[in-house]
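Residue numbers (this note's numbering): 10 to 125.
Cβ atoms here follow ideal geometry from the backbone N, Cα and C, with glycine treated the same way.
Worksheet: the structure to be examined is printed underneath.
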Amino acid sequence: MRPLVFALLSLAALGASAATPTLPLVFVTVDRYVITPSQFVEVTGLVEGEATPRTVRFFAGGYENTQSLSSSATRCEKLALLAMASPGKFKLELGGATTGTEPEEFPSCALTRVKP
């Protein structure tokens, strides 16, 4: 009985740690990139080292300089589109500040070519 309880507690701890993203997030594939009307950016894809795709939301507005944040989201969208157009050729890296379980503000983004 004790090994089973220990195993379940270990799995619960793994699940809890998986909920908090470690930045930067490196997407090896990007399946979806959305700039929502509610000033969020949602990126869905496969994060390096993970087996299943996931969606991450970043806040992209609501500050004094909302236009520059929207411009950042649009520029990052172009990088995401390149990653989507050539799966496995690029990695999309998203970094930024986090609080709780979600990144709190729109991240920096970078596109890196995968070495053959």
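- Message: Alpha carbons only, please: which of P96, I44, A119 is nearest the one belonging to P125?
- Response: P96
- Completely contained alpha helix (DSSP H) runs for the stretch 36-62, where each covers 4 or more residues: none
- Rounded straight-line distance, which links the Cα of G58 to that of E86: 23 Å
- Message: On the DSSP letters alone, give me the boundaries of the beta strand (DSSP E) that G104 sits inside.
- Response: 99-104
- Backbone secondary structure at S80 - three-state DSSP: helix
- Query: What are the start and end residues of the beta strand (DSSP E) that includes S95?
  - Reply: Counting along the chain, S95 falls outside any beta strand (DSSP E), and DSSP gives it neither H nor E.
- Could you name the residues that DSSP lists as bridge partners for C118? L103
- Message: Rounded to the nearest angstrom, what separates A89 and V50 at their Cα positions?
- Response: 12 Å
- Task: Leaving out five residues on either side along the sequence, give the residues of the same chain with a beta carbon under 7 Å from the beta carbon of T45.
- Result: Cβ within range, chain order: E51.
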